[in-house]
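Chains as they are written, first to last, in this note's numbering: chain R, 1265 to 1506; chain E, 1265 to 1506. All C-beta atoms, glycine included, are put in the ideal place defined by N, C-alpha and C. All values reported here derive from a predicted model rather than from experimental measurement.
Protein chains: 2
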Amino acid sequence: MPPSSTVENYLKEVYLGVGRLPAGATLLPMGQLASALGVAPGTATTMVKALAESGLVDYEPYNGVRLTAAGTRLAATVLRRHRLVELFLVQVMGMRWDEVHDDAEHLEHVVSDRLIDRIDEMLGHPETDPHGDPIPGKEGTIRERHFETLLTCPVGTRVVVARVSDQDPVFLRFVERHGLKPGQVVSVEARDEVADAVQLRGADDATFTLGARAASKLLVDVTPEAAAAATPSSARDAAPRR
Amino acid sequence: MPPSSTVENYLKEVYLGVGRLPAGATLLPMGQLASALGVAPGTATTMVKALAESGLVDYEPYNGVRLTAAGTRLAATVLRRHRLVELFLVQVMGMRWDEVHDDAEHLEHVVSDRLIDRIDEMLGHPETDPHGDPIPGKEGTIRERHFETLLTCPVGTRVVVARVSDQDPVFLRFVERHGLKPGQVVSVEARDEVADAVQLRGADDATFTLGARAASKLLVDVTPEAAAAATPSSARDAAPRR
DNA sequence: ACAGTGATTTTGACTACTCAAAAATACAAG
DNA sequence: CTTGTATTTTTGAGTAGTCAAAATCACTGT
Ligand SMILES: [Mn+2]
Ligand SMILES: [Mn+2]
Ligand SMILES: [Mn+2]
Ligand SMILES: [Mn+2]
């Protein structure tokens, strides 16, 4: 009767996958879903047909899949559990932000409402997880803010890292080493289209270079208020979100 | 490759079931295993044969099942996770001792070694869980102490509750209300074989009666050292184990 | 219009776990 | 012995999820 872990994973991945779609598109191709879940394409097709039967997704053969309202609500609660757990592991258990994703991936399916509420309360009803991802509300409401990336933001202005859209531990440690955790300040010195690279100046005034691929994974807040509110200069560790 | 939750549950239940066997017996009847797991008898038989195939249990048809050394080791790590999680939920998350069992029942299958070590460390390598159940060591070592019960312990001496062998929330709350949590002191005033009841005097000097069935679920430490070390008189809440 | 290519769906099969009901077994009493 | 009862095992079947490989479809370029 409660949705299985498998169903929860499919719905979550549909939600995340649709979010990564090029502007305009709303249907996630089965191939992308399958590879995100690490299953064979045929498996995803079969499963999605069952989910459509249950009214959790809309499925258009050969076009792709999208969440229904019910599916979105469920995906949001899974995401809420995942992200609250991640933040809990970092904030309370003292784990590193690059090692919490795998644990959360399993815990998200078993933490009870009682426990997740307790965690939420203990953390003071946080709005984002350690990677800057928004934490859906208790009733399945998700407010996704729109951000620029280090590839698209204005050059020469101080911007604040808001979100890192890659869970790979190696990448996360790299990000941390360069002072690019959510809450930290950085500015784009220059962009070189040909070299496919971005010149950055961190809070410690050191400059370094990022490839375009990596730069596009760093979402930044370009509003002046954000830069003003951010930890002025002694930002060695990331400032906690709020 | 890692054991499934199902396998972990079977092994854990075999361990606990064998422990509850009448003195002398070492083989857990299939019927008991099946009902402990809430599964049909035939299901248990099939599963146990598979576990025997994997070398985790010894199975004697029509006689019952018992853990091998490998099976014991695995059961111990599951029990370790279960009990550390329970204590964590009480001590760190502030949950009540009567509501943690269900959460632990699910979490025991998904907490990583990293996380469980962290919990263990955070709790100061505790030896018992909130119900007085011993927490197996990291390497699968279990030291089960032998205890008397309120049905068998000497009359008139102060004894210390060591362990409560029933997870039912209603019973646990009853136990708490009467000051019988692990660590608390009590003494048997009298036993009435005919009435099937035990007269008790709690730390607050109030007396009350327990049926034999309930009394036998309260394991007590009868050594004088235990009574001396226990919270002398102002024992309103249970003293933390160590 | 049409062949080629890549994505998607279908098919057939397999694993893990489960149940209900029938068959077999153990054991205690007569 | 022999029968009755309770327990256990066997049988047949079903669900959830998965894969490999064959079949189908959509689309691109000619
Ligand atoms: Mn994550
Ligand atoms: Mn995250
Ligand atoms: Mn428990
Ligand atoms: Mn316990």
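Q) Taking 8 Å as the CB-CB cut-off, is E:H1346 touching chain R? A) Along the second sequence, one-based indexing puts residue 1346 of chain E at 82. By this cut-off, E:H1346 is not an interface position.
Q. Taking DSSP as the reference, what is the three-state secondary structure of E:A1499?
A. As a working mapping, residue 1499 of chain E is identified with position 235 in the second sequence. Residue confidence is low: E:A1499 scores 43 on pLDDT, short of 50, so the model does not pin down where it sits. No coordinate-derived value is stated.
Q) Which chain E residues are close to R:L1371, counting only those with a beta carbon under 8 Å from its beta carbon? A) For the purposes of this step, residue 1371 of chain R is taken as residue 107 along the first sequence, with counting starting at 1. Result: L1371, V1374 and V1375.
Q) I think R:A1491 touches R:V1449, with their Cβ atoms under 8 Å apart; what is that distance to the nearest whole Å? A) Here residue 1491 of chain R refers to the residue found at position 227 of the first sequence. Here residue 1449 of chain R refers to the residue found at position 185 of the first sequence. With a Cβ gap of about 6 Å, R:A1491 and R:V1449 count as contacting.
(Q) Going by C-alpha to C-alpha distance, which of E:T1392, E:L1482 and E:V1458 sits closest to E:L1343? (A) For this step, residue 1343 of chain E is matched to residue 79 along the second sequence. Checked all of E:T1392, E:L1482 and E:V1458; the closest Cα to E:L1343 is E:T1392.
(Q) Give the list of continuous alpha helix (DSSP H) stretches no shorter than 4 residues that lie fully inside the segment 1357 to 1423 of chain E. (A) 1364 to 1371 and 1377 to 1386
Q.
Below 8 Å on C-beta distance, what does R:L1379 contact in chain E?
A. Start at 1 with the first residue of the first sequence, and residue 1379 of chain R comes out as number 115. Here the neighbours are L1353, M1357, M1359 and D1367.
**Q.** Status (buried if at least 16 other CB within 10 Å, exposed otherwise) for R:D1485
**A.** Here residue 1485 of chain R refers to the residue found at position 221 of the first sequence. Buried: at least 16 other Cβ atoms inside 10 Å.
**Q.** Euclidean distance between Cα positions of E:E1272 and R:R1360
**A.** Taking the second sequence and counting its residues from 1, the one referred to as residue 1272 of chain E is at position 8. Taking the first sequence and counting its residues from 1, the one referred to as residue 1360 of chain R is at position 96. Distance between the alpha carbons of E:E1272 and R:R1360 is about 29 Å.
(Q) Given the structure, does E:R1347 come close to ligand 4, in the sense that its CB is under 7 Å from one of the ligand's heavy atoms? (A) What you label residue 1347 of chain E is simply residue 83 of the second sequence in a count that begins at 1. Within the cutoff, so yes.
Q | For E:V1329 and E:L1275, believed in contact at Cβ under 8 Å, the rounded distance | A | Along the second sequence, one-based indexing puts residue 1275 of chain E at 11. Along the second sequence, one-based indexing puts residue 1329 of chain E at 65. The pair is not a contact, with the Cβ atoms about 10 Å apart (cut-off 8 Å).
Q: Over the uninterrupted beta strand (DSSP E) stretch that includes E:Q1463, give me the two end residues.
A: As a position in the second sequence, residue 1463 of chain E is number 199, starting the count at 1. Per DSSP, E:Q1463 belongs to the beta strand (DSSP E) from A1461 to G1466.
Q) At least one CB of chain E closer than 8 Å to the CB of R:R1422: is that the case? A) Here residue 1422 of chain R is taken as the residue at index 158 of the first sequence, counted from 1. No, because no Cβ of chain E sits closer than 8 Å to the Cβ of R:R1422.
Q: Flag this pair as yes or no: are the beta carbons of R:A1340 and R:G1404 separated by less than 8 Å?
A: Translated into the one-based positions of the first sequence, residue 1340 of chain R becomes position 76. Translated into the one-based positions of the first sequence, residue 1404 of chain R becomes position 140. Contact: yes.
Q: If I'm right that E:V1423 touches E:H1395 with Cβ under 8 Å, what's the distance once you round it to whole angstroms?
A: Looking up residue 1423 of chain E in the second sequence gives position 159. Looking up residue 1395 of chain E in the second sequence gives position 131. Wrong, their Cβ atoms sit about 17 Å apart, outside the cutoff.
Q. The beta strand (DSSP E) spanning E:A1454 covers which residue range?
A. Mapped onto the second sequence, residue 1454 of chain E falls at position 190. Looking at the DSSP string, the run of the beta strand (DSSP E) that includes E:A1454 is V1449 to D1456.
(Q) Tell me which residues of the segment 1452 to 1471 of chain R have at least one Cβ-Cβ distance to chain E shorter than 8 Å, keeping chain order. (A) So nothing in the stretch comes that close.
Q | CB contact check: R:R1284 to chain E, cutoff 8 Å | A | Start at 1 with the first residue of the first sequence, and residue 1284 of chain R comes out as number 20. Not one chain E Cβ lies under 8 Å of R:R1284.
Q. What residues of chain R sit near E:R1382, judged by a beta carbon separation below 9 Å?
A. Residue mapping note: residue 1382 of chain E aligns to position 118 of the second sequence, counting from 1. Within 9 Å Cβ-Cβ: L1353, M1357, G1358 and M1359.
Q: Can you give me the Cβ contacts of R:A1499 inside the same chain, cut-off strictly under 7 Å, excluding the 5 residues immediately before and after it?
A: By one-based count along the first sequence, residue 1499 of chain R stands at place 235. Low confidence applies to R:A1499: its pLDDT is 43, below 50, so where it sits in the model is not reliable enough to give any reading.
(Q) Tell me the rounded alpha-carbon separation between R:Q1463 and R:V1452. (A) Here residue 1463 of chain R is taken as the residue at index 199 of the first sequence, counted from 1. Here residue 1452 of chain R is taken as the residue at index 188 of the first sequence, counted from 1. If I take the Cα positions, the gap works out to 6 Å.
(Q) Are there any heavy atoms of ligand 3 lying less than 7 Å away from the beta-carbon of E:Q1355, as far as the coordinates show? (A) Numbered from its first residue, the second sequence carries residue 1355 of chain E at position 91. Result no, Cβ not under 7 Å from ligand 3.
(Q) Let me confirm a value: E:R1347 is counted as buried when at least 16 other C-beta atoms fall within 10 Å, else exposed. Which label applies? (A) Here residue 1347 of chain E refers to the residue found at position 83 of the second sequence. With 16 or more other Cβ atoms within 10 Å, it is buried.
Q) In or out: E:K1445 buried (at least 16 other Cβ within 10 Å) or exposed? A) As a working mapping, residue 1445 of chain E is identified with position 181 in the second sequence. That one is buried.
(Q) In the DSSP assignment, the beta strand (DSSP E) including R:R1330 goes from what residue to what residue? (A) Position 66 of the first sequence, counting from 1, holds the residue named residue 1330 of chain R. G1328 to L1331 is the extent of the beta strand (DSSP E) around R:R1330.
Q.
Can you look up R:A1470 in the DSSP assignment and give me helix, strand or coil?
A. As a working note, residue 1470 of chain R is residue 206 in the first sequence. Three-state result, R:A1470: coil.
Q) Would you report the Cα separation of E:T1421 and E:L1482, rounded to the nearest angstrom? A) Residue numbering aside, residue 1421 of chain E sits at position 157 when the second sequence is read from its first letter. Residue numbering aside, residue 1482 of chain E sits at position 218 when the second sequence is read from its first letter. One C-alpha to the other measures close to 15 Å.
Q: Could you pull the start and end residues of the alpha helix (DSSP H) that E:A1275 belongs to?
A: Stepping through the second sequence from its first residue, residue 1275 of chain E is reached at position 11. It should be noted that the sequence gives Leu, not Ala, for residue 1275 of chain E. Note, E:L1275: alpha helix (DSSP H), S1269 to G1283.
Q.
Excluding the 5 residues flanking E:P1267 on each side, which residues of the same chain have their C-beta closer than 7 Å to its C-beta?
A. Against the second sequence, residue 1267 of chain E aligns to sequence position 3. These residues qualify, in order along the chain: L1338.
Q) Opposite E:V1324 in the DSSP bridges: which residues? A) As a working mapping, residue 1324 of chain E is identified with position 60 in the second sequence. Per the sequence shown, residue 1324 of chain E should be read as Glu rather than Val. In the DSSP output, where bridge partners are listed per residue, E:E1324 has E:G1328.
Q.
Rounded to whole angstroms, what is the Cα-Cα separation between R:V1300 and R:R1284?
A. Taking the first sequence and counting its residues from 1, the one referred to as residue 1300 of chain R is at position 36. Taking the first sequence and counting its residues from 1, the one referred to as residue 1284 of chain R is at position 20. For the sequence presented, residue 1300 of chain R should be read as Ala rather than Val. Their Cα atoms are separated by approximately 12 Å.
Q: Drop a sphere of 10 angstroms on the beta-carbon of R:H1373, count the other beta-carbons inside from all chains shown, and report buried for 16 or more, exposed for fewer.
A: Locating residue 1373 of chain R in the first sequence gives position 109, counting from the first residue. With 16 or more other Cβ atoms within 10 Å, it is buried.
(Q) Considering Cα atoms alone, identify which of R:F1352, R:V1364 and R:E1363 is closest to R:I1380. (A) Locating residue 1380 of chain R in the first sequence gives position 116, where the first residue counts as 1. Looking at the Cα atoms, R:F1352 is the closest of the given residues.
Q. Going by the C-beta, is E:H1370 closer than 7 Å to any heavy atom of ligand 4?
A. Sequence index remark: in the second sequence, residue 1370 of chain E carries index 106 (1-based). No, the beta carbon of E:H1370 sits no closer than 7 Å to any heavy atom of ligand 4.
Q.
So that I know if they touch, is there some Cβ in chain R lying closer than 8 Å to that of E:S1498?
A. Sequence index remark: in the second sequence, residue 1498 of chain E carries index 234 (1-based). At E:S1498 the pLDDT is 44, less than 50, meaning the model places this residue with poor confidence; the figure from the coordinates comes in the next sentence. Taking a beta-carbon distance threshold of 8 Å, E:S1498 does not count as an interface residue toward chain R.
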